[in-house]
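Take the sequence shown: its letters are residues 13 to 95, numbered as in my numbering. Every residue, glycine too, gets a C-beta built ideally from N, C-alpha and C.
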Amino acid sequence: MEERSKATVLPLNVLLELMDKNDKTMSISELCESLNIDHKELMRIIRILSDKGLVILNTKTGHVKLSGLGLLYLRDLKELLKT
13 MEERSKATVL
23 PLNVLLELMD
33 KNDKTMSISE
43 LCESLNIDHK
53 ELMRIIRILS
63 DKGLVILNTK
73 TGHVKLSGLG
83 LLYLRDLKEL
93 LKT
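What follows is the structure, encoded as C-alpha cells:
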C-alpha cells in the first residue's frame, strides 16, 4: 500500500465486459470468475470496499452492487493483496 498515488485505469471495454452497462449488480461467483480470484480473497476485498461505501453486499442473495469506483478499486486491491 506504499504506492497510493498510482491507480489502475481500466479501458471502457474491460469495464463493460465485467459489468453490463445497465446492470450494476453481480453475483459473487460472477465476480470471482471475471476477476480470476478465489471466493475467500474476493470476500476480503468486498469487506474493505463495503466499509468505504463503494460496494453493497447483499448476503441473502449473494450479490454485490458496485459503483463505478468500486469496480476500479476491486482491481487495484486484488493486485495489492497479491504482494
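ask   = Going straight from the alpha carbon of Gly-65 to that of Asn-48, what length do you get?
value = 23 Å
Which residues DSSP lists as bridging Thr-37, in chain order = Lys-77
ask   = Out of curiosity, what's the CA-to-CA distance linking Leu-86 and Thr-73?
value = 20 Å
query = Of the residues Asp-88, Asp-63, His-75, which one's Cα is nearest the Cα of His-51?
reply = His-75
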